[in-house]
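Student:
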DNA sequence: TCTGGGGTCCTAGGACCC
DNA sequence: TCTGGGGTCCTAGGACCC
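Residue numbers (the working numbering): 9 to 433.
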């Protein structure tokens, strides 16, 4: 229905953006590694479902769902342990195939990427043919199913790949974009989640076509100015976004769910030091440091508050990040004395800047001066962190650590899984 | 029986400056 | 004495995405 016209000449108005998305990625990898799992409902994870196979999705099992609920929905559901190293390797291999057809590849996550083949269609043929070749090669060389949407804009390509799933290809002819979107649910649009969907539904808007017909002013009243303008542009197929091959991270963070723990120094101190240690290592590894430290505290009833401070100089030393985070957490406790239990702690560092080692050392010393006049411990701490980073580089993350840091939180998510979720800084 | 971890962007109000 | 207006930075909270 939405077939490419087959022209070989490529102009600006042509559909040259690909969005490629590996299907049920973690679960598909498990089925690839163990043929006995193929064709069966499986879930990766345990306490919580990280990914479900299509056979499991047919029962209503979804990612993020508590394992217990998943088992209720699908009694024969089989849980399998995660082969995290394999996820990374196979995800990389699949995305690398995109790179064989164009240098303009924007990786979104471990299993998803955009590509623009406008400049290379003369080498490899029309975008639809490139997409088919990529799908065939990922299947043959990596062993995994991948769905691809091909369209004139990122937004349309992304919707195309969602519609194409599982294991499909959808090419949206530029002349047929409006017809294609007309009856699709607004929830497929980038930026429309549960809250916005509900607001729109209340106004009687359920399809992208209806959204496109909505007066801009009422849309902005409903969802806010920026979101309204973006949504209107997307509904009208005016997506201004281009492929960005390398985006700098704007923040780096870490969090830890605690179940239900007393809101006390002996609990949050060690946890915050562990989180600060993780973030500090990642930042220093990339010669980055950040000025703003934000702490998030979630209470037992899942309400959460944040506290942030912006320092005059960027920091990356574990001990300083930890101290700032502990100060912020104490201020939360002062503000909410009636909250006796917490369920999650998080630290995030933003306002990131690249600094070379000398600057960093100077900056850290300076930050410490500001926090504690008369001392100059910052530089020493930086040296300690550097030494620790070096030991870890040779012997692994657990080889060394601060004595006051808990190395492994109870019922913690494996570090390998954390690393999968980390963005390249 | 109450969802883990890592991110981005926007809003609104206040402080502060010119 | 009362009166504006604009810009930037910071903080806290939310929605959303993978």
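We put the CB at the ideal spot given by N, CA and C, even for glycine.
Since this is a predicted model, take the numbers as computed values, not measurements.
In this structure, does DSSP put residue 157 in helix, strand or coil?
Tutor: By 1-based counting over the first chain, the position of residue 157 is 149. If DSSP states are grouped into helix, strand and coil, residue 157 belongs with the strands.
Student: Straight-line CA distance for residue 48 to residue 232?
Tutor: In the first chain, residue 48 corresponds to position 40, counting from 1. In the first chain, residue 232 corresponds to position 224, counting from 1. Here the alpha carbon of residue 48 sits roughly 44 Å from the alpha carbon of residue 232.
Student: Mind checking residue 130: buried by the 16 CB within 10 Å criterion, or exposed?
Tutor: Reading the first chain from its first residue, position 122 is the one you call residue 130. The residue in question, residue 130, is exposed, as its Cβ has fewer than 16 Cβ neighbours within 10 Å.
Student: With DSSP collapsed to three states, give me the class of residue 127.
Tutor: Your numbering for residue 127 matches position 119 in the first chain. Residue 127 falls in the coil class under three-state DSSP.
Student: Using alpha carbons as the reference points, say which of 251, 143, 256, 427 lies closest to residue 177.
Tutor: Counted from its first residue, the first chain places residue 177 at position 169. Considering only alpha carbons, the answer is 143.
Student: Do the stretch 271-278 and the stretch 309-328 meet, that is, are 3 or more Cβ pairs less than 8 Å apart?
Tutor: no
Student: Note the first and the last residue of the continuous beta strand (DSSP E) segment covering residue 29.
Tutor: Your numbering for residue 29 matches position 21 in the first chain. Counted as a single uninterrupted DSSP element, the beta strand (DSSP E) harbouring residue 29 occupies residues 25-30.
Student: Throw me the rounded Cβ distance for the residue 354 and residue 284 pair, which I believe falls under 8 Å.
Tutor: Sequence index remark: in the first chain, residue 354 carries index 346 (1-based). Sequence index remark: in the first chain, residue 284 carries index 276 (1-based). Residue 354 to residue 284, Cβ: 11 Å. No contact.
Student: How many angstroms separate the CA atom of residue 321 from the CA atom of residue 299?
Tutor: Locating residue 321 in the first chain gives position 313, counting from the first residue. Locating residue 299 in the first chain gives position 291, counting from the first residue. One C-alpha to the other measures close to 6 Å.
Student: From this set, 311, 288, 250, 85, which residue's C-alpha is nearest residue 393's C-alpha?
Tutor: Here residue 393 refers to the residue found at position 385 of the first chain. The candidate whose alpha carbon is nearest that of residue 393 is 288.
Student: Could you please give the first and the last residue of the uninterrupted alpha helix (DSSP H) stretch that includes residue 218?
Tutor: The residue labelled residue 218 in the question sits at position 210 within the first chain. Start and end: 216-221.
Student: How long is the line joining the alpha carbons of residue 128 and residue 110, rounded to whole angstroms?
Tutor: Counted from its first residue, the first chain places residue 128 at position 120. Counted from its first residue, the first chain places residue 110 at position 102. Whole-angstrom Cα-Cα distance: 6 Å.
Student: Per the DSSP calculation, residue 261 is bridged to which residue(s)?
Tutor: Working through the first chain from its first residue, we reach residue 261 at position 253. BP columns for residue 261 point to 356.
Student: Can you name, in chain order, every residue of its own chain whose Cβ lies under 7 Å from the Cβ of residue 40, other than the five neighbours on each side?
Tutor: Position 32 of the first chain, counted from the first residue, corresponds to residue 40. Correct list, in chain order: 151, 152.
Student: Which partner residues of residue 270 appear in the DSSP bridge assignment?
Tutor: For this step, residue 270 is matched to residue 262 along the first chain. Looking at the DSSP assignment, residue 270 forms a beta bridge with 349.
Student: Looking at C-alpha atoms only, which residue of 117, 21, 422, 192 is the closest neighbour of residue 135?
Tutor: Along the first chain, one-based indexing puts residue 135 at 127. For residue 135, the nearest C-alpha among the options comes from 21.
Student: Which of the three DSSP states, helix, strand or coil, is assigned to residue 302?
Tutor: To locate residue 302, count along the first chain from 1; it is residue 294. Correct three-state label for residue 302: strand.
Student: Using the Cα positions of residue 336 and residue 271, report the straight-line distance between them to the nearest angstrom.
Tutor: Reading the first chain from its first residue, position 328 is the one you call residue 336. Reading the first chain from its first residue, position 263 is the one you call residue 271. Straight-line Cα distance between these residues: approximately 13 Å.
Student: Just to confirm, is the Cβ distance from residue 216 to residue 122 under 8 Å?
Tutor: Walking along the first chain from the start, residue 216 turns up at place 208. Walking along the first chain from the start, residue 122 turns up at place 114. Not in contact: residue 216 and residue 122 (Cβ atoms no closer than 8 Å).
Student: If residue 25 and residue 35 are in contact, beta carbons under 8 Å, what's the gap, nearest whole angstrom?
Tutor: Within the first chain, residue 25 is the residue found at index 17, counting from 1. Within the first chain, residue 35 is the residue found at index 27, counting from 1. The pair is not a contact, with the Cβ atoms about 27 Å apart (cut-off 8 Å).
Student: So what does residue 314 bridge to, in DSSP terms?
Tutor: Within the first chain, residue 314 is the residue found at index 306, counting from 1. Looking at the DSSP assignment, residue 314 forms a beta bridge with 304.
Student: Starting from residue 167 and walking both ways along the alpha helix (DSSP H), at which residues does that stretch end?
Tutor: Translated into the one-based positions of the first chain, residue 167 becomes position 159. Here the alpha helix (DSSP H) through residue 167 covers 162-172.
Student: Output needed for residue 423: all residues of its chain with C-beta closer than 6 Å, excluding positions within five of it in sequence on either side, in chain order.
Tutor: Start at 1 with the first residue of the first chain, and residue 423 comes out as number 415. Result list for residue 423: empty, nothing under 6 Å.
Student: For the candidate residues 44, 352, 280, 230, whose alpha-carbon lies nearest to that of residue 309?
Tutor: Along the first chain, one-based indexing puts residue 309 at 301. Nearest of 44, 352, 280, 230 to residue 309, Cα basis: 352.
Student: Return helix, strand or coil for residue 87, following the three-state DSSP convention.
Tutor: For the purposes of this step, residue 87 is taken as the residue at position 79 of the first chain. Strand at residue 87.
Student: Do residue 243 and residue 159 count as a contact pair if the criterion is CB distance below 8 Å?
Tutor: Locating residue 159 in the first chain gives position 151, counting from the first residue. Locating residue 243 in the first chain gives position 235, counting from the first residue. Taking 8 Å as the Cβ cut-off, residue 159 and residue 243 do not qualify as a contacting pair.
Student: Buried or exposed: where does residue 378 fall if 16 or more other Cβ atoms within 10 Å of its Cβ makes it buried?
Tutor: Translated into the one-based positions of the first chain, residue 378 becomes position 370. Only weak support is given to the placement of residue 378: the predicted model assigns it a pLDDT of 49, under 50, and the question is left unresolved by the model.
Student: For my contact list, residue 92 and residue 54 are in at a C-beta cut-off of 8 Å; report their separation, rounded to the angstrom.
Tutor: On the first chain, residue 92 is found 84 positions in, with the first residue counted as 1. On the first chain, residue 54 is found 46 positions in, with the first residue counted as 1. About 14 Å separates the two Cβ atoms, so there is no contact after all.
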